[in-house]
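> These protein sequence lines are chains A and B, in that order.
Numbering of the first sequence is given in my numbering, commencing with residue 1 and proceeding in unit increments.
Numbering of the second sequence is given in my numbering, commencing with residue 1001 and proceeding in unit increments.
This is the structure, below, for whatever I ask next.
2 protein chains.
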Amino acid sequence: MMMVRKSKGLGERHQKILDFIASYQREYKHPPSIREIGEHCDISSTSVVNYYLDQLEKSGNIERDRKISRGVRLTGSSASPSGDMFRVPMVGVIQAGEPIHVPSSADFSSFTPEDSVEIAMSLMPAKEKGKELFALQVQGESMIDAMVNDGDIVILKPTQDARNGDMVAVWLSDRNETTLKFFFKEKDKFRLQPANPTMKPIYIDRNESLEIKGKVVMVIRKVERYN
Amino acid sequence: MMMVRKSKGLGERHQKILDFIASYQREYKHPPSIREIGEHCDISSTSVVNYYLDQLEKSGNIERDRKISRGVRLTGSSASPSGDMFRVPMVGVIQAGEPIHVPSSADFSSFTPEDSVEIAMSLMPAKEKGKELFALQVQGESMIDAMVNDGDIVILKPTQDARNGDMVAVWLSDRNETTLKFFFKEKDKFRLQPANPTMKPIYIDRNESLEIKGKVVMVIRKVERYN
DNA sequence: ATGATAACCGAACGCCTGTTCTGTGTCAAG
DNA sequence: CTTGACACAGAACAGGCGTTCGGTTATCAT
């Protein structure tokens, strides 16, 4: 029986090992041992597995913590994406006619994973990586001037004050309205600028009530069918 | 008999162990050994660590693969979120004036992690969990009728044909225009419906060229400052 | 006091694992 | 044919690591 080597880069056995490590890690949340790799990739000797692992390390596909049990990890493009993500509790809906419910810090510790949204760290603006975020599902089409549609998920950071240019969720109790706008404080009034550049801003007198409920940090839209 | 223990569920030592496991896992991509937990949590005996681990397992905070090295993993809310996510290559920009570049399958295997977007599985519509997705960054404000703004990230699934109601990225070579619209095939023409319900559809004759480049499955907007 | 119990420590046992060393068969170049 | 690289197998060694067991201490209810 001849061994036909894959002239270039990785042979199919290398690939099989890489795939096995990935799937094993996904299932058990820890890397496989050398012997486990051998069993599942039809390699009868641990030394051969070690042999391949050395090659994969040299070619940069994996890293190894020598001497440490199960000290293999995928790197680069073979790696399961960094895995750095965090969960944001989905605490309710946001719609024009009702004030939004900002969760208290007590709520943060006891939300159910089912009603939460997972976001990759790499997607997050650097500054907002704290834990104090919450998500709301947009209901109705009243936020289209904010480029936000029915069903979209808005991720907010609770805050009472905003800097000019921040996109905020505000409750205008005089008008009985929740809205998402870019916020600007001007001499004697507030300017709320829609995200859609073709639309005009609205102005709020200082004596009108304006409650900033949170700062919008991200909008996610799962595009479903149009109905 | 009452317990003088830290009144509630977990003592601070339990919490310290949980935190250590989480941070260790993040750093090394594999769980710590019992002895490593002991060292970093000021516990001198492996049996004590085991003692705490048993409690954490009973209280549901961790799971253990008995007998195997480093077989601890966090569960539930202590867990780093499921970790199930995937990487989508960011292959370029999408703007009104230029056709979009759909990557070939060759491109998929060799994209750099730097230019990619990570998405949590849980965010993805069930059907689209295949690997054949790519992302484009929106350039310019020409897509506002699709509720998509400058800087937004659009995630597409490459396809040449669409079903009615799908949101598609199309290239209209007669008009030299790329656009995102909901797609409907009608008797003798195509109707391209903007996502913004206040805007009117455009109609494309069957003899006009219409190239479907992909189906939009998700839109992500990182909300930065307004400038 | 007494006993029960939670919270530890240290050591020992033995499987789990990574490492290393010797050896075998194949293939291509010299 | 010889040589050397390459791709393996198998066994053995040593340290890593989970488990277990006998002890100790402090607190609290009886």
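All C-beta atoms in this analysis are idealised placements derived from N, C-alpha and C, irrespective of residue type, glycine included.
Hey, could you find the ends of the beta strand (DSSP E) A:Asp205 is sitting in?
202-205 is the span of the beta strand (DSSP E), which, as asked, contains A:Asp205.
> So, using beta-carbon positions, are A:Asp84 and A:Met121 closer together than 7 Å?
Closer than 7 Å, so yes.
> DSSP on A:Ser7, reduced to helix/strand/coil?
Note that A:Ser7 has pLDDT 36, beneath the 50 cutoff, so the model's placement of it is unreliable and the number below is only indicative. Correct three-state label for A:Ser7: coil.
> Ignore the nearest five residues each way along the sequence and tell me which others in B:Met1167's own chain have a CB closer than 6 Å to its CB.
So the list reads Phe1182, Val1216, once near-sequence residues are dropped.
> Could you tell me if the beta carbon of A:Glu177 falls within a distance shorter than 6 Å of some heavy atom in the ligand FAD?
Ligands in the displayed structure: none, and consequently the ligand FAD is not present.
> Rounded to whole angstroms, what is the Cα-Cα separation between A:Asp42 and A:Val49?
When rounded, the distance between both Cα atoms is 10 Å.
> From which residue to which residue does the beta strand (DSSP E) around B:Val1148 run?
Taken as a continuous stretch (DSSP letters only), B:Val1148 belongs to no beta strand (DSSP E), as it is neither H nor E.
> Of all the options A:Pro197, A:Pro99, A:Asn149, A:Pro201, which has the alpha carbon lying nearest to the alpha carbon of A:Leu172?
Ranking the options by Cα distance to A:Leu172, first place goes to A:Pro99.
> Does any residue of chain A bring its CB to less than 7 Å from the CB of B:Glu1141?
Chain A, which has a Cβ nearer than 7 Å to the Cβ of B:Glu1141, makes this yes.
> With DSSP collapsed to three states, give me the class of A:Leu210.
In the structure shown, A:Leu210 sits in coil (DSSP, three-state: anything other than H, G, I, E or B).
> Taking only beta-carbon atoms, is A:Met90 less than 7 Å away from chain B?
No, its Cβ sits nowhere closer than 7 Å to a Cβ of chain B.
> Does the distance from the CB of A:Ile212 to the CB of A:Val170 come in under 7 Å?
Taking 7 Å as the Cβ cut-off, A:Ile212 and A:Val170 qualify as a contacting pair.
> From this set, B:Ile1021, B:Arg1087, B:Met1090, B:Asn1196, which residue's C-alpha is nearest B:Thr1230's C-alpha?
Because chain B is modelled from 1001 through 1227, residue 1230 of chain B falls outside the range shown and cannot be assessed.
> In the DSSP assignment, what are the bridge partners of A:Phe86?
Paired residue(s): A:Ile119.
> Looking at the unbroken beta strand (DSSP E) that takes in B:Val1102, where does it start and where does it end?
Element bounds for B:Val1102: n/a, residue is neither H nor E.
> If you draw a straight line from the alpha carbon of A:Leu136 to that of A:Arg66, how long is it in whole angstroms?
If you take the alpha carbons of A:Leu136 and A:Arg66, they lie about 46 Å apart.
> For the region 1056-1079 of chain B, list every residue whose C-beta sits within 9 Å of some C-beta in chain A, in sequence order.
Of all residues in the region 1056-1079 of chain B, Glu1063, Asp1065, Ile1068, Ser1069, Arg1070, Gly1071, Val1072, Arg1073, Leu1074, Gly1076, Ser1077, Ala1079 have a Cβ within less than 9 Å of some Cβ in chain A.
> In whole angstroms, what separates the C-alpha of A:Thr198 from that of A:Lys127?
One C-alpha to the other measures close to 29 Å.
> What does B:Ala1120 touch in chain A if you count any residue whose Cβ is under 7 Å from its own?
Correct list: Met85, Glu118, Ile119, Ala120.
> Label B:Asn1176 either buried or exposed according to how many other C-beta atoms from any shown protein chain fall within 10 Å of its C-beta, with 16 as the threshold for buried.
Answer is exposed; the Cβ neighbour count stays below 16.
> Between which two residues does the alpha helix (DSSP H) holding A:Arg228 run?
In the structure displayed, chain A extends from 1 to 227; residue 228 of chain A sits before or after that span and is not available.
> By DSSP, does A:Thr159 sit in helix, in strand, or in coil?
The answer is coil: DSSP assigns A:Thr159 none of H, G, I, E or B.
> Does DSSP classify A:Gln193 as helix, strand or coil?
Correct three-state label for A:Gln193: strand.
> Roughly how many whole angstroms lie between the Cα atoms of B:Lys1008 and B:Ile1017?
Unreliable positioning characterises B:Lys1008 in this predicted model, as indicated by a pLDDT of 46, which lies under 50. The coordinate reading is nonetheless provided below. Whole-angstrom Cα-Cα distance: 16 Å.
> Which class does A:Lys127 belong to by DSSP, given the choice of helix, strand or coil?
Here A:Lys127 sits in helix by DSSP.
> Using a Cβ cut-off of 7 Å, pull out every chain A residue sitting near B:Arg1221, in sequence order please.
Correct list: Met218, Val219.
> Run down chain B in chain order and give the residues with a C-beta less than 8 Å from the C-beta of A:Thr198.
Under the 8 Å cutoff, chain B gives Ile1144.
> Please go through the same chain and pick out, in chain order, the residues whose beta-carbon is closer than 8 Å to the beta-carbon of B:Gly1165, but skip the five residues on each side of it.
Excluding positions up to five away in sequence, the list reads Phe1182, Phe1183, Phe1184.
> Within its chain, find whatever has a CB closer than 8 Å to the CB of B:Val1138; leave out the 5 residues flanking it on each side and keep chain order.
Taken in chain order, the residues that qualify are Val1093, Ile1094, Gln1095, Val1148, Asn1149, Asp1150, Gly1151, Asp1152, Ile1153, Val1154.
> State the Cα-Cα distance for the pair B:Met1003 and B:Ser1059, rounded to the nearest angstrom.
Residue placement at B:Met1003 cannot be trusted, given a pLDDT of 36 that sits under 50; what the coordinates show is reported in the next sentence. Each residue's Cα considered, the two are about 16 Å apart.
> Any idea which residues DSSP pairs A:Arg73 with across the strands?
A:Arg73 pairs with A:Glu63.
> Counting only the same chain and skipping the five closest in sequence on each side, list residues whose C-beta sits under 8 Å from that of A:Arg206.
Same-chain partners within the cutoff: Asp188, Lys189, Phe190.
> Please report the Cβ distance between A:Val72 and A:Phe134, rounded to the nearest whole angstrom; I am assuming they are in contact, meaning their Cβ atoms lie under 8 Å.
Actually they are not in contact, since the Cβ atoms of A:Val72 and A:Phe134 sit about 38 Å apart, beyond 8 Å.
> Would a check of beta-carbon distances place A:Lys29 closer than 7 Å to chain B?
Yes, its Cβ sits closer than 7 Å to a Cβ of chain B.
> Is it buried or exposed for A:Tyr203, if we count other Cβ within 10 angstroms and need 16 for buried?
By the 10 Å Cβ count, A:Tyr203 comes out exposed.
> Measure the C-alpha to C-alpha separation of B:Pro1103 and A:His101 and round it to an integer number of angstroms.
Cα to Cα, the separation comes out at about 43 Å.
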